[in-house]
Amino acid sequence: MQVLRRVVILAAFLSAGSLLAQEYHPATTVRKLPNGLTVVVAEEHSAPTFGLCISYGIGSRLEPEGRSGFAHLFEHMMFEGTPTAPKGTFDRVIESGGGFNNGQTANDFTQYFESAPISALDAILWLEADRLKTLDFSPKNLENQRNVVEEEVRVNVLNQPYGLFYAFELPGKAFDKYPNAHNGYGEFKDLDAASIDDVRNFYEKYYVPANAVLAIVGDFSTDEVFAKVEKYFSGLPNKPAPVRPDVSEGMLDKERRSQESDSLARVPGLAIGYRAPSAETHDALVGAVAGEILHNGQASRLYQSLVKEKQVALSISGGLNFNNYTQFEYKGPTLLGSFVIYPPDKTEAQVLAAYDEVIAGLAKKAPSREELDRVVNKMRSDWYDQLEVPVSRAQTLSHFQLLEGSYERAYTIPDQLAKVTPEEVRAFAAKYLVSTNRAVINRIPKPGEHAASGGAQ
Amino acid sequence: MKVVLLGAALLFSAAAASAQKEQPLPKDLPPFGQEKPLQAPTVKESKLENGLTVWLVPQPAFPKVSFSIAVAGGYTADPKDLPGLSDLISATIDQGTKSRNARQIAEALQSAGGDLSANAGKEGFYITSSVLSSKSADGLSVLADVLQNAAFPDNEVALAKRNLASSLEAQEANPQFLASRAMAKVLYGDSPYSVISATKESLAAMAPANLRSEYARRFRPDRALVVVVGDFSADKMLATIKEKFDAWRSPEEAAISVPPPSDAGPEHAIFFISRADSVQTTLSLAAFGPKRTDSDYEAAVVANTIYGGSFGSRLTSNIREDKGYTYTPGSNFSASRVTGTIHTSADVRNAVTGPALNEIFYELNRLATTSPTEREMSQAKRFLIGIKAIQLQIHSAVASELSNLWIQHLPASEIGDYGKKISAVTAADVTSVGQKYFPAARVAVVAVGQENVVRGQLALFGLPIKPAP
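Those protein sequence lines, which keep their order, are chains R and P. The opening residue of the first sequence carries number 1 in our numbering; numbering runs sequentially from there. The opening residue of the second sequence carries number 1 in our numbering; numbering runs sequentially from there.
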């Protein structure tokens, strides 16, 4: 252990010349209101606008058993109005203020965000506080949004080739516990069974100040914005935060293989997922780098081998937490995996053989310093994109504060990445990227539907 | 070398969310605060001796730099017998130069924190990359090499053709792609404007020699623009660009010119594409609108926002928030120097295909026959101006917007005039463009779905139902 630690320090020292420390770390302040609401504020004066994100500690992974898809269906209900601001008011006020809003449900959080010219800050804070007081629990609105959500599932899953099977089918093969294994978009039978009482109970349990982090980035003074937040949010009562269930699952001990047919796809696809650790661990940080060495763009090992050299794949994408959100914003076990589309004249075995050779190469020999630096540069650059505009920085700050109890990693990830060593990457691959720790789904066009003609010439 | 400074303020029009007739706002809702003027980016324009246009937007503090390089001529400039050649140019332009192979190009860009994206539009071809500001010179070297020395190696072209053939095959399963391709043919007939991708046949006929000659013809400094946005010193960046691009020369032959498409609008009919196993009908409706330089362009932008261009729009309120027919309603108005299209789309479950189309027709006709309310006008204009201000905080969005303006022969100053022009649009202007462009009788409809399930619903409209072209 001591030896390893020394190696880490030495490597970090050697790489310091090429990687600047703390390139981007603007002043940021966090406070907690007496009712438990955590608030993160950062000033950004480059334009007279602001971005805001309120994240709640509830996501698809944490929704009740037998109510698959409920966290997401509920997210839709948050836009359906309140007794004081009826349906339609929210969009109307925000658009009239020159802004936009949206919501998104991930595995470990549900986020609501807005961005607008600074003149709309008070109105938008008021609207966010208003929908944390109570909602218009109307059966008519529930029926309406159930329809909308089912259309969402149809347009993104049921009516599309591949139907995002790497996101919605693969976890069910790779995990055993309901929270990790079930389909977060939801089964129609569960969506159809959801009642207005479910909506009310869910709201009362999860949508409490102590289970939320509000982050605001924009053209204001920090004190001024804290005063506004207190004005609009401090009247909300303090209720206990829900207890997070134990979602932990260790590594798999046997490979899980399955096959699906697809009536819409013309070309076969393969989804591969290895169980990987929770984002706050050091292993996960290393895993993120390993995932990008394998998958990041045309310079990546899998692209070079499978698409260019062996020509057994048409495209490949993936990485750590590839089927949910970013490589760093989740909590609990996830998958490091790939989605491969391959030519009809190749077999699953040929694709996997080439894939396994690349994985084994990484597990056997540490990447060169040059390769690692190159990939880390790209990861830092991609990470900065997430901090560029106020609204996406607010999202990132609120996720880290919620998931890890501190926003700090939003700014320090570039630095942390720069300290990952080649040997750590190799050791990660040797430990986690083994066939006994993975699930594989081969998805093939339904026979007789279409003559697949796009193969090799 | 001429350097011009541009800068303008985007200003809001009316103040606050004023009294609304439809429904009063909550009494405790705080009013909007004091407006602050929104500064549009300052563009430093220059031109190299070889004719290359350079637009620089230094925005210090954030450690990244975005490049966007635009070349005149996109799908419409492709050789008539090789429609969609631009797709193969996109796939192979970074697959080798005189001095770097494909892998070296990808690795060099990755090392700078970027990658390369190459895309054809109708009238322009765009190469973009976003890199760490500390590595911007390295990134620019690779881009300059790709722009001037692409080699289109035979083996890389062969592989790209094979992969593109499979992508085309895969696209045949995508209902939105099928609808877009059919609509382009309905709108533009045999004109080059009807091309949205290569075809299986055209792809098979493409050879490395076609790529090399087209590249030599189209990629020329006198018809190209380099935009750089982000954390850099303008003087140093300009010097670097000069160094990297100075040897680039335009060919003797005249640049490509493409005849504009016909102004005759599409037939008011339903063009049907049968797709087995569809659980939704993909609806696409389009009519011609004003062109980018027409005087009613901005009025049509506002009208489209009220009709279907935002969450708060009439179409979304109706077919999503009231009736729950669809997750994805929306309309989009896009315009170039020679085209303008108002396009509506929605994916609806099979059983409500007829009712959804009926509501879309209703909303089009409502915009054509009635005037917008004051609240709708104020909301749409403030939304458009505010969103623009937010977008212009993103380096790559500024770069892409400037590239598009240049391809449309518009000045960089247009980016700063947007707010003023949108603010000036009146309810009467919107009523006028509503009458002129939005009547449902002007639109063509493309529907992709299960024929035996939805054809009966579509037949009720009394329109000709034809196979899609």
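No residue lacks a Cβ here, since even glycine has one placed at the ideal position from N, Cα and C.
Item	Value
Indicate the three-state DSSP secondary structure (helix, strand or coil) for P:Phe32 in the structure shown.	coil
So, does the CB of R:Tyr112 fall closer than 9 Å to a CB anywhere in chain P?	no
Alpha carbons only, please: which of P:Ser133, P:Asp429, P:Ala239, P:Leu85 is nearest the one belonging to P:Ala218?	Checking the sequence, you will find Arg at residue 218 of chain P rather than Ala. Looking at the Cα atoms, P:Leu85 is the closest of the given residues.
Rounded to a whole number of angstroms, what is the C-alpha to C-alpha distance between R:Pro367 and R:Lys308?	20 Å
Mind listing the chain P neighbours of R:Arg92? Cutoff is C-beta to C-beta under 7 Å, in chain order.	Gly312, Gln379
Is the beta carbon of P:Met237 closer than 9 Å to that of P:Pro58?	yes
On the three-pair Cβ rule with 8 Å, is the region 200-215 of chain R touching the region 45-63 of chain R?	yes
Indicate the three-state DSSP secondary structure (helix, strand or coil) for P:Thr431 in the structure shown.	helix
What does a CB cutoff of less than 7 Å around R:Lys173 pick up in its chain, not counting 5 residues either side in sequence?	Arg256, Ser258, Ala439, Ile441
Along chain R, which residues have their Cβ under 9 Å away from the Cβ of P:Asn174?	Gln160, Pro161, Leu264
Is it buried or exposed for P:Glu253, if we count other Cβ within 10 angstroms and need 16 for buried?	exposed
Are the C-beta atoms of P:Leu109 and some chain R residue less than 9 Å apart?	yes
Could you tell me which chain P residues have their CB closer than 9 Å to the CB of R:Phe100, listed as they occur along the chain?	Ser310, Phe311, Phe383, Gly386, Ile387, Ile390
Which whole-angstrom value describes the C-beta separation of P:Arg292 and P:Ala335, a residue pair presumed to lie in contact below a C-beta threshold of 8 Å?	4 Å
Where does the unbroken beta strand (DSSP E) through R:Gly235 begin, and where does it stop?	Run containing R:Gly235: none; DSSP gives neither H nor E here.
Among all the DSSP beta bridges, which residues are the ones paired with P:Asn350?	Partner(s): none; P:Asn350 has no beta bridge.
Quick check on the burial criterion: 16 or more other C-beta atoms within 10 angstroms. Buried or exposed for R:Gly163?	buried
Against P:Asn50, what residues of chain R qualify as contacts under a CB-to-CB distance less than 7 Å, listed in chain order?	Under the 7 Å cutoff, chain R gives no residues; its nearest Cβ is about 30 Å from P:Asn50.
Against R:Ile118, what residues of chain P qualify as contacts under a CB-to-CB distance less than 8 Å, listed in chain order?	Gly33, Lys36
Using only the alpha-carbon positions, how far apart do P:Thr51 and R:Phe233 sit?	Sequence inspection shows Gly at residue 51 of chain P; the Thr mentioned does not correspond to that position. Cα-Cα distance, rounded: 58 Å.
When the cut-off is 9 Å and only beta carbons count, does P:Phe62 lie next to chain R?	yes
Label P:Lys21 either buried or exposed according to how many other C-beta atoms from any shown protein chain fall within 10 Å of its C-beta, with 16 as the threshold for buried.	Residue confidence is low: P:Lys21 scores 46 on pLDDT, short of 50, so the model does not pin down where it sits. Its coordinate-derived value is still stated next. Classification for P:Lys21: exposed.
Does the beta-carbon distance from P:Phe438 to P:Ala303 come in below 9 Å?	yes
To the nearest angstrom, how far is the alpha carbon of R:Thr105 from that of R:Gly184?	9 Å
Under 8 Å between beta-carbons, which chain R residues line up against P:Gln450? List them in chain order, please.	Near P:Gln450 there are no residues of chain R at all, since even the closest Cβ is about 11 Å away, more than 8 Å.
Is any beta-carbon of chain P found at less than 9 Å from that of R:Ile341?	yes
Alpha carbon to alpha carbon, how far is P:Asp94 from P:Leu132?	20 Å
In chain order, what residues of the same chain lie with their CB nearer than 7 Å to the CB of R:Phe461, ignoring the 5 residues before and after it?	Past the edges of chain R, shown from 1 to 457, lies residue 461 of chain R, and the structure says nothing about it.
So with Cβ pairs under 9 Å, would you call R:Glu423 a contact of chain A?	The displayed structure is made up of protein chains R and P, and chain A is not among them.
Is P:Ala40 near P:Val228, with beta carbons less than 9 Å apart?	no
On a CA-only basis, which of P:Ala184, P:Glu201, P:Ile387 is nearest P:Arg162? Give me that one, please.	P:Glu201
Pair every Cβ in the region 178-194 of chain R with every Cβ in the region 114-122 of chain R, then say whether three or more of these pairs are closer than 8 Å.	no
If you measure from the beta carbon of P:Glu169 to each beta carbon in chain R, is any gap under 9 Å?	yes
Give me the chain R residues within the contact set of P:Gln280, using Cβ-Cβ distance strictly less than 9 Å, ordered along the chain.	Glu151, Arg154, Val155, Leu158, Asn159
Using the C-alpha atoms, what's the distance from P:Gly354 back to R:Ile413?	51 Å
Sort out for me which residues DSSP pairs R:Asp262 with in a bridge.	R:Pro445
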